[in-house]
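Notes for the one structure printed next.
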Amino acid sequence: MKHYAMSTRTISDAINTSGLLVVAQWEAKEGQADKVAAILDGFLPEAQKDAGTKLFLIGRGKDNPAQFLFYELFQDEAAFKAHQESAYFKTYIAEQALPLLAKRERSQYVLI
Numbered sequence: 000m001k002h003y004a005m006s007t008r009t010i011s012d013a014i015n016t017s018g019l020l021v022v023a024q025w026e027a028k029e030g031q032a033d034k035v036a037a038i039l040d041g042f043l044p045e046a047q048k049d050a051g052t053k054l055f056l057i058g059r060g061k062d063n064p065a066q067f068l069f070y071e072l073f074q075d076e077a078a079f080k081a082h083q084e085s086a087y088f089k090t091y092i093a094e095q096a097l098p099l100l101a102k103r104e105r106s107q108y109v110l111i
């Protein structure tokens, strides 16, 4: 994955206002981690340029490369819903990535 932060905004710009923070953890099935990473490499630039996305980062485990961590900050609940209903989400995540996962957990937070 080559893209880690949004090129048009700084992190301080993203976090200095309210928003919905979503943290997700994935674990790929045995032998599927590199495929998942390749899918996410195509997905990430699309997620980062989405109008309702303030910050979108994905990391891969150093000690366990089958683990992925998502740190997503959206303008609000409506922006998160639009993200999940987007064509790029349905293609990359719902159709391609999710079948390759052994585990998927997600939590939502409000910035304080």
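Sequential numbering from 0 applies to the sequence shown in numbering that gives the first Met the number 0.
We put the beta carbon where it would ideally sit given N, CA and C, even for glycine.
The model shown is predicted, which means the values in this text are computed figures rather than measured ones.
CA-to-CA, the gap between residue 49 and residue 18 works out to about 15 Å.
In the three-state DSSP reduction, residue 31 falls in the coil class, being neither helix nor strand. For the set 65, 101, 40, 61, the Cα lying nearest the Cα of residue 55 is the one of 40. The Cβ neighbour count for residue 32, taken over all protein chains shown within 10 Å, is at least 16; the residue is labelled buried. Take the alpha-carbon of residue 83 and the one of residue 60: they are about 24 Å apart. Within the DSSP bridge table, the entry for residue 19 names 73, 109 as partners.
Only residues of its own chain outside the window of five on either side were considered, and among them 27, 28, 31, 34, 35 have a CB closer than 7 Å to the CB of residue 99, listed in chain order. Rounded to the nearest angstrom, the gap between the Cα atoms of residue 80 and residue 51 is 10 Å.
Where residue 58 is concerned, the enclosing beta strand (DSSP E) starts and stops at 52-59.
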